[in-house]
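Quick note: the sequence shown uses the working numbering, first residue 55, plus one each step. We put the CB at the ideal spot given by N, CA and C, even for glycine. Note that the coordinates shown come from a computational prediction; the quantities given were computed from them, not determined experimentally. Scroll down for the structure; my scribbles are underneath it.
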Amino acid sequence: MNTFILFFTLFMLGHGYYAKAQNANDYLETNVTFPANYKIGDFIEFATSKPLSAGASAYYEVSITYARANMAAAATHIVSSSHANSPSWQEAGRVNNNVYTTGAVNFTIDHNPNTKAFRVRAIETFGVTAPLVVYIKIRSINFNTGFNTYLTTGNEPNLVKRLPMTYDWDLVVGNTSTSSEGSLAIKAALNGNFGIGTPNPTEKLAVNGTIRAKEIKVEANLWPDYVFNENHQLMPLDSLASFVKENKHLPNIAPAKSVEENGIALGELNRQLLQKIEEMTLYLIDQSREIKSLKNEVQALKTQKR
């Protein structure tokens, strides 16, 4: 039996199959202590990482947890950087947040993409006045050759910009048992545009398909109540008739070809349609007055004939 196990092990190793234990270079567990009277903006810089490929493999999961009377919290952040990055500190994005009291989050994680340094920064001071220990765990998701640990304290008076979590992001779905190719469900592009079912979103939200919602609220400016101002000039009906005959669409309304090629903004369309409804209302009011005047003239003529 032992001979078989030895033979099998040698066979697997000979064909490149082997199991690798957890690499200590991929993990760092440490803690830092903020004094009882710490202030918002105070930070403790505690480590730098050593990624491969000239820094391009810098991709880390950074978890923190802390507690003192009346508050307890834990969070996990994603830190991503590459080669030749800006030396400015940036705030890492958060993918998980567990709190004991709603909104009671005291700390965040900052990263210097150029030096690959990490720090914990205070953003609130919830809880009783007592020293606060922050426990930290870093896990390298890509390749890393280790960490250097140290302690540097200070206060950040400036606004810290957000650290990008990725260059871009795709969600591809499908059944690996039956599908030869997955389907792109979601695309987050470098410029912040978000696509559903489209690989190249050109808007903040681009959807290649139908949308079903209970309600959609569209913000719009210059709502056309100005139509009812006394100085608003209506197009004469004869001129309007000539325009429609020549152009086959109403004035200031996009023609069919333009809509087919470029789509249409719902907010602007609703504004334009309301303007036309309000102008049509004024036309009807004028026509009603004119009809009433003609009726009075006809009635006067009838009276004279008697």
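- Apart from sequence neighbours up to five positions away, the residues of its chain that approach GLU257 with a beta-carbon distance below 7 Å are ASN247, ordered along the chain.
- Here the C-alpha atom of ALA171 lies approximately 26 Å from the C-alpha atom of PHE180.
- Taking the Cβ atoms as the reference, VAL188 lies roughly 17 Å from TYR81, outside the contact range of under 8 Å.
- Fewer than three Cβ pairs drawn from the segment 302-315 and the segment 264-273 lie within less than 8 Å of each other, which leaves the two stretches out of contact.
- Taken through DSSP and simplified to helix, strand or coil, LYS215 comes out as strand.
- Among the bridge pairs identified by DSSP, HIS165 is matched with GLN144, PHE172.
- Going by C-alpha positions, GLY321 is about 17 Å away from TYR280.
- Per DSSP, the unbroken alpha helix (DSSP H) holding VAL352 starts and ends at 320-359.
- Counting the other CB atoms within 10 Å of its CB gives MET125 a total of 16 or more, which places it among the buried residues.
- For the options THR206, ALA243, ARG216, the alpha carbon positioned closest to that of ASP222 is the one of ALA243.
- Annotation for ALA239: the continuous beta strand (DSSP E) segment containing it runs 237-242.
- The count of Cβ pairs closer than 8 Å, one atom from the segment 223-232 and one from the segment 106-123, stays below three, leaving the stretches out of contact.
- In this structure, DSSP gives ASN152 an extended state, which the three-state scheme calls strand.
- When rounded, the separation of the alpha-carbon atoms in PRO105 and THR220 is 16 Å.
- Under the three-state reduction of DSSP, GLY200 is assigned to strand.
- Annotation for LEU205: VAL86, ILE98, GLU99, PHE100 place their beta carbon closer than 8 Å to its own, counting only its chain and skipping 5 residues before and after.
- Under the 10 Å beta carbon count, TRP143 is surrounded by 16 or more other beta carbons and is classified as buried.
- A straight line joining the alpha-carbon of HIS131 with that of GLY200 spans about 19 Å.
- Under DSSP, no beta-bridge partner is assigned to MET289.
- The Cβ atoms of ASP96 and ASN209 sit closer than 7 Å to each other.
- For the pair SER103 and ASN202, the Cα-to-Cα distance works out to about 6 Å.
- With at least 16 other beta carbons inside 10 angstroms of its own, ASP164 counts as buried.
- Per DSSP, ASN85 lies in no alpha helix (DSSP H); the unbroken beta strand (DSSP E) holding it starts and ends at 81-88.
- Per DSSP, reduced to three states, the secondary structure at GLY109 is helical.
- Looking at the DSSP output, ARG193 shares a beta bridge with TYR81, GLU115.
- Counting of Cβ neighbours within 10 angstroms places TYR154 among the exposed residues, the total staying below 16.
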